[in-house]
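> Quick note: the sequence shown uses UniProt numbering, first residue 1, plus one each step.
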Amino acid sequence: MDEVALQRSQSIGTKAMKAALKGKRKADKEREALISAEGIDSIATIAEQSEAEVIEGKLEGGNKDAEK
């Protein structure tokens, strides 16, 4: 591999690494925002809370039907 090709290859690798890190930083910031807004400390907890809210909504809907 000649020197120009090597430099291009390294440049592409560096750009890819920077893009990946930028994406990770963005995801980390979004996660931190959720933690701050919701007081939740993990993505798994967020998913569990969402599932619980769906189940709770279904149960409340079922209770309203039973009251009629």
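C-beta atoms are modelled at their ideal positions from N, C-alpha and C, and glycine is treated no differently. Computed from a prediction, not measured in an experiment: that's the story for all the values here.
Pull up the distance between the alpha-carbon of Gly13 and that of Glu56, whole angstroms please.
Near 48 Å, if we compare the C-alpha coordinates of Glu56 and Gly13.
> Please report the straight-line C-alpha distance between Ser36 and Gly61, rounded to a whole angstrom.
Rounded to the nearest angstrom, the two C-alpha atoms are 30 Å apart.
> May I have the straight-line CA-CA distance separating Arg31 from Arg25, to the nearest angstrom?
Whole-angstrom Cα-Cα distance: 10 Å.
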